[in-house]
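Q:
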Amino acid sequence: MTNSEILLYQTEDGQTKIDVRLEEETVWLSQAQMGELFQKERSVITKHINNIFSEGELEEKSNVQ
Numbered sequence: 015m016t017n018s019e020i021l022l023y024q025t026e027d028g029q030t031k032i033d034v035r036l037e038e039e040t041v042w043l044s045q046a047q048m049g050e051l052f053q054k055e056r057s058v059i060t061k062h063i064n065n066i067f068s069e070g071e072l073e074e075k076s077n078v079q
C-alpha cells in the first residue's frame with residue numbers, strides 16, 4: 015500500500031472497514047469514499063461538508079484538495 019492508497023472493504027458480517035496509511039497524522043478521503051464508509055449518498059456528504067465550512071467549523075482552504 016502506498017502513502018496515497020485508501021482501502022475500503024466489507025467484512026463477512028457486513029461491516030464496512032477502512033484501511034489507511036496516515037501521512038503526517040492526516041487522513042484524506044474523497045466524498046465518494048466518505049459516502050461508502052458511512053453508507054450515505056455522496057450528495058449527503060457534500061451537504062454536511064458545505065455546512066461545516068459555512069458555519070466556520072473548518073476553513074475550506076486548509077481542508078480541501
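Going left to right, the sequence shown walks through residues 15 to 79 as the working numbering numbers them. We put the beta carbon where it would ideally sit given N, CA and C, even for glycine.
Between which two residues does the alpha helix (DSSP H) harbouring T60 extend?
A: Counting along the chain, the alpha helix (DSSP H) containing T60 begins and ends at R56 to S68.
Q: Assign Q24 to one of three DSSP states: helix, strand, or coil.
A: strand
Q: May I have the straight-line CA-CA distance separating T25 from K31, to the nearest angstrom?
A: 7 Å
Q: Does the distance from the C-beta atom of I66 to that of Q45 stay below 7 Å?
A: no
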